[in-house]
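Following this note's numbering, the numbering of the sequence shown begins with 914 at its first residue and continues without gaps.
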Amino acid sequence: MLPSATASQAPSDQEFFSGTNAAWEARRQAATPRGVSVLESFYPARAANAEIWDIEGRRYIDFASGIAVLNTGHCHPRIIAAVTAQLARFTHTAYQVVPYASYVALAEKINRRSPGGWAKKTIFLSTGAEAVENAIKIARAATGRPGVIAFDGGFHGRTFFSMALTGKVVPYKTGFGPFPGDVFHAPFPNEIHGVGVEDGLNHIRRLFRTDIDPKRVAAFIFEPVQGEGGFYPMPEAFVRGLRTIADEHGILLIADEIQAGFARTGKLFASSHHDVPIDLMTFAKSVAAGLPLAGVVGRAEIMDEAAPGGLGGTYAGNPLAIAAAHAVLDVIDDERLEARAITLGDRLKDRLNALRAWIPVLADVRGPGSMVGAEFIDPATGEPLPAFAKQVQSLALERGLILLTCGVYGNVIRFLYPLTIPDAVFDEALGSLEEALLKA
Ligand code: PMP
């Protein structure tokens, strides 16, 4: 008879949460491809809320949240309880074979809480890229048109169509072409890099003369606040202008809220900061606190244009991830995380702005709520300073603070702490950040 393992004796407990970081790092480099580049060289043993402890016992404050996934923190007890309860019932039926009520109820909540008072429907998928792919499929089915216009610096994923939409070549597209056709890029309206709202809109009008007949365009896809591209909010006047152009030509607007959604910007969805109607919206990441869940929500009549069997996926809307998402929404409401995003973001922005007198290369501090970016530019030459951002990142890490960079030029630090972070931990992190900035 096989010996029965108790939880504490499980081989994985012994094996995967002990040893040295250096030994695992050597094994990683031998066993996994370099294409999956990895930022840190420590291996976690456990994590709680905004903190991670590695297998050697060192503690880190996590201002990355697994790339914007943990707005509700690591291992929130209510989310763990919800997933554990689901685990005891069933882990998988395939929604397309045997549907489950929790999927339907979550769709109802997303339909109700996403911006716009019209009838909506929601489909669940597993990854952000998959949500983007499905939004494009639905837009094409609804319009009968092939074209999609995305924006420079935008990031939409690593699958073929989402990669084609992504507006940054290195490292996302290098070596992977050719890409699907009928994808065009317009400049993202960004005053700091010389593109005003009117310039941006004129560029699109020009694209209709130089590259694609607007009657062949199914959709515009944009991030309300660009994530990987540099934490640039899209100006409301530009979204409004885009809506006008879209309406003129029968084009749909798709907002990619995968990084900005779920209270990060101070509202459940970033598109709720303005009242410009959005036809389809993608979400993922913080919707399920680390369980793989993504989705598309949109106008009911558009969502229904894809024919039966055209949408779905074996794991799409996995019951464990759906259970997590219900708990995430409860935590956002009960812990008032939308308001907390604004409070924390204001504290961070005030602290950074106060440092600008001492750090002239800190050219811009921006972003709604807690979707905050700090951009480094040489004031004499106007050159973006990616090396400075990297230096801040590594000095912060020496102090146990995990930071991420972003931006087309890599010269932006983005702040993605859990919105549940306790005040004391947040203050400690701001102290480390200040030290890193002053020393860089
Ligand atoms: N869209 C946006 C705005 C994103 O930030 C990301 C991920 N960084 C994606 C799409 C792709 O999501 P995933 O990695 O889950 O496929």
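Every residue, glycine too, gets a C-beta built ideally from N, C-alpha and C.
Would you say residue i touches ligand 1, meaning its beta carbon is less than 7 angstroms from a heavy atom?
i        : result
Phe-1068 : yes
Met-1140 : According to the sequence displayed, residue 1140 carries Gly and not Met. It does: the Cβ of Gly-1140 is within 7 angstroms (strictly closer) of some heavy atom of ligand 1.
Thr-1040 : yes
Ile-1171 : yes
Glu-1046 : no
Ala-1167 : This sequence places Ile at residue 1167; Ala is not what is there. Because no heavy atom of ligand 1 lies under 7 angstroms away, the Cβ of Ile-1167 does not count as near it: no.
Ala-1197 : yes
Arg-1279 : no
Ala-1207 : yes
Ile-980  : yes
Arg-1071 : yes
Glu-928  : no
Glu-964  : no
Glu-1136 : yes
Buried or exposed: which applies to residue i, given that a residue is buried once 16 or more other Cβ atoms fall within 10 Å of its Cβ?
i        : result
Ala-981  : buried
Lys-1352 : exposed
Pro-916  : Since pLDDT at Pro-916 reaches only 47, below the 50 mark, its modelled position is unreliable, and the value read off the structure follows with that caveat. So Pro-916 counts as exposed.
Met-914  : Model confidence at Met-914 stands at a pLDDT of 42, short of 50, so the residue's coordinates are unreliable; what they give is reported in the following sentence. Flag for Met-914 reads exposed.
Phe-1097 : buried
His-989  : buried
Thr-1040 : buried
Ile-1105 : exposed
Pro-1292 : exposed
Phe-1089 : exposed
Ala-1234 : buried
Leu-1316 : buried
Pro-1273 : exposed
Thr-919  : Low confidence applies here, because Thr-919 scores a pLDDT of 49, under 50, leaving its location unreliable; read the following figure in that light. Its Cβ having fewer than 16 others within 10 Å, Thr-919 is exposed.
Leu-1000 : exposed
Glu-1296 : exposed
Glu-1136 : buried
Lys-1022 : exposed
Pro-946  : exposed
Asp-1192 : buried
Gln-942  : exposed
Ser-950  : exposed
Asp-1435 : There is no way to answer for residue 1435, as the model of the chain reaches only from 914 to 1353.
Asp-967  : buried
Thr-1123 : exposed
Arg-1002 : exposed
Glu-1400 : No answer is possible for residue 1400: the residues shown for the chain start at 914 and end at 1353.
Lys-1128 : exposed
Val-877  : Limits of the chain in this structure are 914 at one end and 1353 at the other, which puts residue 877 out of reach.
Since I believe residue j is in contact with residue i (beta carbons under 8 angstroms), could you give me their beta-carbon distance rounded to a whole number of angstroms?
i        : j        : result
Ala-1236 : Ala-998  : 7 angstroms
Arg-1026 : Leu-1166 : That belief does not hold up - the Cβ atoms of Arg-1026 and Leu-1166 are roughly 19 angstroms apart, past 8 angstroms.
Thr-1035 : Ala-1054 : Going by Cβ atoms, the distance from Thr-1035 to Ala-1054 rounds to 16 angstroms, so no, they are not a contact pair.
Ala-958  : Asp-975  : With 8 angstroms as the limit, Ala-958 and Asp-975 do not qualify as a contact, their Cβ atoms being about 14 angstroms apart.
Glu-1251 : Gly-1140 : Rounded, the Cβ-Cβ distance is 19 angstroms, inconsistent with contact.
Ala-1287 : Thr-985  : Their Cβ separation, rounded to whole angstroms, is 24 angstroms, which puts Ala-1287 and Thr-985 out of contact at 8 angstroms.
Met-1076 : Phe-1092 : 7 angstroms
Pro-1281 : Ala-1176 : That belief does not hold up - the Cβ atoms of Pro-1281 and Ala-1176 are roughly 11 angstroms apart, past 8 angstroms.
Ile-1164 : Thr-1195 : Actually they do not touch by this definition, with Cβ atoms about 17 angstroms apart.
Gly-1142 : Phe-1101 : 7 angstroms
Gly-1213 : Ala-1032 : One detail in the question is off: residue 1213 reads as Ala in this sequence, not Gly. Confirmed, about 4 angstroms.
Asn-1024 : Val-1210 : 6 angstroms
In the DSSP assignment, what are the bridge partners of residue i?
i        : result
Cys-988  : None, per the DSSP bridge assignment.
Tyr-973  : Ile-965
Val-1096 : Val-1061
Ile-1134 : Ile-1167
Phe-1196 : Gly-1208
Ile-1315 : Asp-975
Asp-1277 : Glu-1288
Thr-1026 : One detail in the question is off: residue 1026 reads as Arg in this sequence, not Thr. Answer by DSSP bridge pairing: none, since Arg-1026 is not bridged.
Arg-1118 : Per DSSP, none; premise fails for Arg-1118.
Thr-1035 : Val-1210
Asn-1103 : Val-1108
Ala-960  : Ile-965
Pro-1146 : Val-1138
For a cutoff of 8 angstroms on Cβ pairs, would you count residue i as touching chain C?
i       : result
Ala-939 : Absent from the structure: chain C. Only one protein chain is present.
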